[in-house]
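Before any comments, here is the structure.
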Amino acid sequence: MEQPLIIVDAERSDRGYWKDVWRYRGLFTFLAWRDLLVRYKQTFIGVAWAVIRPLLTIVVFSFFRYLMNSSTPIEDCIMIVSVATIPWQLFASALGESSNSLVANSSLLTKVYFPRVIVPLSTIIVCIVDFLLSLLILAGVMIYFGHVPSWHALYLPVFMLLALLASIGTGLFLAALNVKYRDFRYVVPFIIQLGLFISPIAISSADVYASTKVPDILKGLYSLNPMVAVIDGFRWCLLDTPFVVNQTGLILSLGVTLLMLILGTWYFRRVESTFADIV
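Mapped onto the working numbering, the consecutive letters of the sequence shown carry residue numbers 53 to 331.
And the structure:
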C-alpha cells in the first residue's frame with residue numbers, strides 16, 4: 053500500500069505546523085534519547101554533575117541565609133534553600149540547553165526540513181532527568197532532618213510545569229535570537245546568573261513582603277519573576293507552614309509565563325524558515 057505523502061513547510065499555518073510536530077515525534081524521541089546517552093552513558097561526571105551542582109548551591113546559599121539571620125537554626129536554613137534550589141536548577145538548565153540547542157545542532161538544520169521547535173523541546177527531557185536526580189538530594193535532606201511533607205506535596209507537579217513553561221517560552225525566544233545574533237550565547241549565562249540572585253533562594257518572599265522599606269512598585273516588579281511563584285510554591289508544597297503562596301504573585305507569574313510562551317513561540321515561528329540559511 054502506498055504511503056501518504058507528507059509535506060512539511062516552515063510557512064504552513066499553525067494548525068498544520070503542530071500536526072507536523074506530532075508526525076515527527078519519533079525525531080523528538082531520538083534527539084532526547086541521544087542527549088541522555090551523551091550525558092549519562094559510560095560516564096560518571098554526567099550523573100555526578102547533576103548532583104554536585106545543586107549540592108554546591110545549597111551549601112553556599114544556606115551559609116548566606118544563616119549569615120543574614122543567625123537566629124534561624126542551620127537545619128532550617130538548609131531546608132529553606134534546598135527546596136528553592138531544585139526548581140531553580142530545573143529552570144536554569146532548561147533555559148540554557150534550549151537557548152543553545154539550534155546552534156549546537158546546526159548540521160542537522162541544514163540537511164533536511166522538519167519542525168525546528170522539536171530541537172529545543174527535546175533538550176528539556178535531559179533537564180527533567182537531572183531534576184529527578186536532584187529530588188533524591190532533597191529527599192535525603194528531608195529524611196535526615198526528619199521532615200515529612202503534608203498533602204500539599206500533591207501540587208508539586210503544577211509548579212514544576214510552571215517552571216518548565218517559563219523556561220520553554222524564554223528558551224524558544226533566545227534560541228531564535230541565538231541563531232542570528234551569536235552574541236546571545238554570552239548573554240544567556242548572564243541572564244541565568246542574574247536570575248539566580250533576584251530569585252528567592254536564600255530568602256523567601258515573606259522576607260521581602262514583610263519589609264516596610266520596600267516600595268509597593270518594587271514588590272510588583274519582584275513578582276514579575278516567574279520563579280518567585282514557583283519557588284514559593286515548592287516551599288508551600290514541601291515545607292508547609294509558615295510558607296504560603298502569594299496569590300498576587302502567582303497571578304503575575306502565570307501572566308508573565310503565558311506571555312513569554314506566546315511571544316517566544318510566535319517569534320520562533322516567524323524566523324524559523326531562515327534558520328538553515330544563516331546557521
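Positions of the beta carbon are idealized from the N, C-alpha and C atoms, including for glycine.
- Looking at the backbone, the Cα of G223 and that of S150 are separated by about 5 Å.
- Shown here for S114: same chain residues with a beta carbon closer than 6 Å to its own, the five before and five after excluded, namely C129, I130 and V133 in chain order.
- As the crow flies, the alpha-carbon of V103 is around 6 Å from that of S186.
- When rounded, the separation of the alpha-carbon atoms in L226 and Y238 is 11 Å.
- When the alpha-carbon of L302 is set against those of L315, W288 and D292, the nearest one is in W288.
- Considering only G272, I244, V240 and F82, the residue with the shortest C-alpha distance to V171 is F82.
- The beta carbons of I250 and N277 sit about 6 Å from each other, so the pair counts as a contact at 8 Å.
- For V231, the uninterrupted alpha helix (DSSP H) run begins and ends at L208 to K232, by DSSP.
- Counting only runs of at least 4 residues, the segment 138-171 fully encloses the following alpha helix (DSSP H) elements, listed from N- to C-terminal order: 153-156 and 158-161.
- The Cβ-Cβ distance between R77 and V178 does not fall below 8 Å.
- The Cβ atoms of L290 and V135 sit closer than 8 Å to each other.
- Of the candidates L184, R86 and M120, R86 places its Cα closest to the Cα of N157.
- Secondary structure note for I303: its alpha helix (DSSP H) is the uninterrupted segment Q299 to V323.
- In this structure, R105 lies away from A254, with their beta-carbon atoms at least 8 Å apart.
- When the Cα atoms are used, D329 and T162 turn out to be separated by approximately 8 Å.
- Residue state for P201 is assigned as coil, using DSSP reduced to three classes.
- Distances from the alpha-carbon of D284 to those of I220, N298 and L79 put N298 closest.
- Each residue's CA atom was taken as its position, placing F143 and V164 some 30 Å apart.
- Straight through space, the alpha carbons of M312 and L273 are spaced by roughly 16 Å.
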